[in-house]
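As structure tokens, the structure follows; a few thoughts come after it.
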Ligand code: K1U
Ligand code: ZN
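Residue numbers (this note's numbering): 243 to 413.
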């Protein structure tokens, strides 16, 4: 099922999401619905707060063929490289705005898979960036929060202007 993607300034995007206590059918359904929603958007990642669920669940697929889905419950970054990289990011919750974000080039993430088994993944490049962006969402952090105050306010003002143009005024 395709879920509705919440957009800024929906308050759910600023909440710290709760850990999942048990990976059950409800969580597996949420993971599958989030993947369907992400592919339809289209996007390369999605975090549960973006679909209105304040729980620590993310999905991602950075492959060209869209055949490498990742389902992660309670993901935690356990290692970050000292080297960083700057690249442009977008966000399905801030449509049509983009910014250059500096992040560690590689990370190690510990998480539970859809069966509840503990796993570790070392990622670099776009996948490392995407996982950091999604885990930020679980802590109520958006990519614009990593920018300078001036850049951040320029982008948010541009976003508000686009939002006003998209939302017809009530008469
Ligand atoms: O969490 C999100 O809002 C999804 C976001 C993830 C992301 C993008 C860029 C860098 C880090 C994390 C997106 O997927 S935005 C859409 C996007 O990047 C994309 C869409 C279609 C094809 C390729 C990329
Ligand atoms: Zn995002």
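Idealized CB from N, CA, C, for every residue including glycine.
Ligand 2 heavy atom lying under 7 Å from the CB of residue i
i           : result
residue 375 : yes
residue 379 : yes
residue 333 : yes
Alpha carbon of residue i to alpha carbon of residue j, nearest angstrom
i           : j           : result
residue 285 : residue 334 : 7 Å
residue 326 : residue 302 : 21 Å
residue 270 : residue 385 : 27 Å
residue 258 : residue 309 : 30 Å
residue 266 : residue 412 : 43 Å
residue 338 : residue 362 : 33 Å
residue 324 : residue 300 : 24 Å
residue 345 : residue 366 : 11 Å
residue 307 : residue 297 : 28 Å
residue 248 : residue 336 : 9 Å
residue 278 : residue 330 : 24 Å
residue 360 : residue 313 : 12 Å
Cβ-heavy atom distance, residue i to ligand 1, below 7 Å
i           : result
residue 288 : yes
residue 248 : no
residue 371 : yes
residue 284 : yes
residue 292 : yes
DSSP three-state assignment for residue i, whether helix, strand or coil
i           : result
residue 367 : helix
residue 259 : coil
residue 339 : coil
residue 276 : helix
residue 282 : helix
residue 327 : strand
residue 315 : strand
residue 291 : helix
residue 248 : coil
residue 391 : helix
Cβ separation of residue i and residue j, assumed to be a contact under 8 Å, to the nearest whole Å
i           : j           : result
residue 318 : residue 352 : 5 Å
residue 276 : residue 262 : Contact flag wrong, Cβ pair sits at about 13 Å.
residue 341 : residue 393 : 7 Å
Any C-beta of chain D under 8 Å from that of residue i
i           : result
residue 335 : The structure shown contains no chain D; it holds only a single protein chain.
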